[in-house]
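K.L.:
Structure in structure tokens, see below.
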Amino acid sequence: MQNLDVANMQGMGKDNWIKFKLNRSYENPWPDVEVEAHLRPLEPSEIVSWETAAENVALDIASKYDNLYVAMSGGIDSEFVAKTFHKLDIPFTPIIFELEDVNALDVWWAFKWCKDNNIKPKVVNIDVETWIKRWIGISIEYCGRFGAGNGTLSYLYDYARENNGYLVTGAGFPEFFPDENLDYMTLRYIDTALHNIDGTKKFGFLIHEPDIIQHMMYPEMPFNFLSWTPEIVLSYVYHRDMNLNSAENKARIMSCLPRPKNIGIGDYFFRNHPILKRWLQLRRYIGTSEVAYIGSREEIIKILTTGKYD
Amino acid sequence: MTESFNLSFYFTANWWNDNPPEYSISIDDKCLRKEVFKIKQEVVGIEVPVTIESGPHQLKIRYENKKNSDIYYLPNQNILRENFFTLIKFSVDTVDCVNLHKKEGYYKRDFPDKQGNLIYKNNGIFLHSGEYILNFYSPIHYWLLSKFDKTY
Numbered sequence: 033m034q035n036l037d038v039a040n041m042q043g044m045g046k047d048n049w050i051k052f053k054l055n056r057s058y059e060n061p062w063p064d065v066e067v068e069a070h071l072r073p074l075e076p077s078e079i080v081s082w083e084t085a086a087e088n089v090a091l092d093i094a095s096k097y098d099n100l101y102v103a104m105s106g107g108i109d110s111e112f113v114a115k116t117f118h119k120l121d122i123p124f125t126p127i128i129f130e131l132e133d134v135n136a137l138d139v140w141w142a143f144k145w146c147k148d149n150n151i152k153p154k155v156v157n158i159d160v161e162t163w164i165k166r167w168i169g170i171s172i173e174y175c176g177r178f179g180a181g182n183g184t185l186s187y188l189y190d191y192a193r194e195n196n197g198y199l200v201t202g203a204g205f206p207e208f209f210p211d212e213n214l215d216y217m218t219l220r221y222i223d224t225a226l227h228n229i230d231g232t233k234k235f236g237f238l239i240h241e242p243d244i245i246q247h248m249m250y251p252e253m254p255f256n257f258l259s260w261t262p263e264i265v266l267s268y269v270y271h272r273d274m275n276l277n278s279a280e281n282k283a284r285i286m287s288c289l290p291r292p293k294n295i296g297i298g299d300y301f302f303r304n305h306p307i308l309k310r311w312l313q314l315r316r317y318i319g320t321s322e323v324a325y326i327g328s329r330e331e332i333i334k335i336l337t338t339g340k341y342d
Numbered sequence: 004m005t006e007s008f009n010l011s012f013y014f015t016a017n018w019w020n021d022n023p024p025e026y027s028i029s030i031d032d033k034c035l036r037k038e039v040f041k042i043k044q045e046v047v048g049i050e051v052p053v054t055i056e057s058g059p060h061q062l063k064i065r066y067e068n069k070k071n072s073d074i075y076y077l078p079n080q081n082i083l084r085e086n087f088f089t090l091i092k093f094s095v096d097t098v099d100c101v102n103l104h105k106k107e108g109y110y111k112r113d114f115p116d117k118q119g120n121l122i123y124k125n126n127g128i129f130l131h132s133g134e135y136i137l138n139f140y141s142p143i144h145y146w147l148l149s150k151f152d153k154t155y
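In order, the protein sequence lines correspond to chains A and B. Quick note, my numbering runs 32 ahead of the 1-based positions in the first sequence. Quick note, my numbering runs 3 ahead of the 1-based positions in the second sequence.
So, in structure tokens, the structure goes:
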């Protein structure tokens, strides 16, 4: 991969520092690397506390974008984003997606946070059948193995656009593999970006395909709070306790109550809905990877503390 | 690049004389299977393994043996009954394509009808001597994804 090729890629985050590309397409169904993401910091970063890194992100986003919306799914990531803006008295509107009552148990946490902090959220309520067709349409357009997350967020991005605003989310978070939350990438299929040719697992961080697709769809949005700067990515990677799983780390680092996720739209729903069942069967044949592997803990710390990359 | 997959077809057939419908399944001009229906009005499933190169292809299902004697005409020349078979649905590997064959394919008669038409939009029913044609490309699962919203 030539550096010029990477430099010319679309980017996400402050100064577009994370370069990315979705190579899988109808014209190129079997690329060597389906989803690419490259860390390209402009300068070295210091290792700072997670709180400091997050506050710096919030202040930077607020200095560049006004009329902010924060997508709150009920998960720890988005609650932390909202909490950070709120702590700094940066005005924003929480925006919550309701899928009839299917995800009520998830978004309960989002409504609770809003109520506890006396902030009125904007609620976008979509019926199930419309939602399904929206996100399958995204999967069709981008040749994507994913759909639900992008479909959900697309309604919130659209609302922000229509109201001259900017949506910030808890997406774009660099997750660690292997992790029990990501076991399906070994058990249900073998993600080729996360396994070596001999089938052994790689140990390192990844960015999910839906994060990349949503930024392709809405490039003007500062969506990836949790990877907005090299500093915040470095802080998480450095402070992550490798003896705990990702859920435990997030709850600890972000000081949010741990909670189950996506219990409202579980596998059973996907396996039994007549359209989703067929799409689930089909997507297994589309490509072999759902992530971009960005490097091991040591590699990422080296890149971000030196500002140098190969 | 070559890919391999299984096509599964589900048919029913009906006939009134001793000439049950015979059909063949081809990819492009290569015949993969030839069958004769043996049981009336029951759903019959067959699986056909396929190996093809990347690029455009045609699936063809041909009604091989339709004859004029398979049609029973009334004295006023209206048709009382005739032999036919129906493609209910097809699948690619485990992926049910539902009614995609109706939305995407067409039927090409061997002889024009009274209005001079040779091509029919397909409704899954094989009434006339001729063949059903479905244009697709390999990799077929990508083609299916591109057409997925037509299967609702």
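For each residue, glycine too, the CB sits at the ideal point set by N, CA and C.
1. Tell me, please, whether the CB atom of Y145(B) is closer than 7 Å to any CB atom in chain A?
2. Within 7 Å of any Cβ in chain A, is that where the Cβ of P52(B) sits?
3. Skipping 5 residues on each side, what residues in its chain have a beta carbon closer than 6 Å to that of L130(B)?
4. List the endpoints of the continuous beta strand (DSSP E) containing V155(A).
5. Check whether the stretch 251 to 262 of chain A touches the stretch 41 to 50 of chain A, counting contact only when three or more Cβ pairs, one atom from each stretch, lie closer than 8 Å.
6. Along the chain, where does the beta strand (DSSP E) containing I128(A) start, and where does it finish?
7. Which bits of chain B does G169(A) rub up against, with CB to CB less than 7 Å?
8. Could you tell me which residues DSSP puts in a beta bridge with S94(B)?
9. By how many angstroms is the C-alpha of N99(A) removed from the C-alpha of M253(A)?
10. Please confirm whether G204(A) and N281(A) have their CB atoms less than 7 Å apart.
11. Less than 8 Å between the CB atoms is what I'm expecting for N182(A) and P242(A), so what's the real figure, rounded?
12. Could one say the Cβ of P115(B) lies closer than 7 Å to chain A's Cβ atoms, at least one of them?
13. Compare the C-beta of P63(A) against all C-beta atoms of chain B and say whether one is closer than 7 Å.
14. Got a sec? Which residues, its chain only, sit under 7 Å from G106(A) by beta carbon, not counting five neighbours each side?
15. Can the beta-carbon of Y317(A) be found closer than 7 Å to that of H144(B)?
16. Straight-line CA distance for I42(B) to C34(B)?
17. Alpha carbons only, please: which of E132(A), R310(A), G231(A) is nearest the one belonging to W163(A)?
18. Taking the alpha carbon of G339(A) as the point to measure from, which residue in W167(A), R72(A), V65(A) has its own alpha carbon closest?
19. Look at I172(A) and F151(B) and say whether their C-beta atoms are less than 7 Å apart.
20. Anything in chain A within Cβ reach of P142(B), meaning under 7 Å, just list it in chain order.
21. Leaving out five residues before and five after R272(A) in sequence, what residues of the same chain have Cβ atoms less than 7 Å from its Cβ?
22. Are the CB atoms of N71(B) and E25(B) within a distance shorter than 7 Å?
P.N.:
In short, the structure shows the following:
1. Residue-level contact check: Y145(B) touches chain A, since one or more beta carbons of chain A fall below 7 Å from its beta carbon.
2. Not a single C-beta of chain A is nearer than 7 Å to the C-beta of P52(B).
3. Closer than 6 Å at Cβ, skipping near neighbours: F87.
4. Run containing V155(A): 154 to 158, per the beta strand (DSSP E) assignment.
5. In short, these stretches touch, since the Cβ pair count reaches three.
6. Counting along the chain, the beta strand (DSSP E) containing I128(A) begins and ends at 125 to 131.
7. What G169(A) touches in chain B: D152.
8. Looking at the DSSP output, S94(B) shares a beta bridge with S11(B), D99(B).
9. Rounded to the nearest angstrom, the two C-alpha atoms are 12 Å apart.
10. No, the pair does not count as a contact, with Cβ atoms beyond the cut-off.
11. Indeed they touch by this definition, with Cβ atoms about 5 Å apart.
12. For P115(B), the answer is no, since every Cβ of chain A falls outside 7 Å of its Cβ.
13. It does not: the Cβ of P63(A) has no partner Cβ on chain B nearer than 7 Å.
14. Residues of the same chain with a CB within less than 7 Å of the CB of G106(A), apart from the 5 flanking positions on each side, are D138, V139, W140, W141, A142 in chain order.
15. By the CB criterion at 7 Å, Y317(A) and H144(B) fall inside the cutoff.
16. Here the alpha carbon of I42(B) sits roughly 23 Å from the alpha carbon of C34(B).
17. Nearest option by C-alpha distance: E132(A).
18. Measuring from the Cα of G339(A), the nearest candidate turns out to be R72(A).
19. Against a cut-off of 7 Å, the Cβ pair of F151(B) and I172(A) comes out as a contact.
20. What P142(B) touches in chain A: P61.
21. Contacts found: F208, N281.
22. The criterion of a C-beta distance shorter than 7 Å is not satisfied by E25(B) and N71(B).
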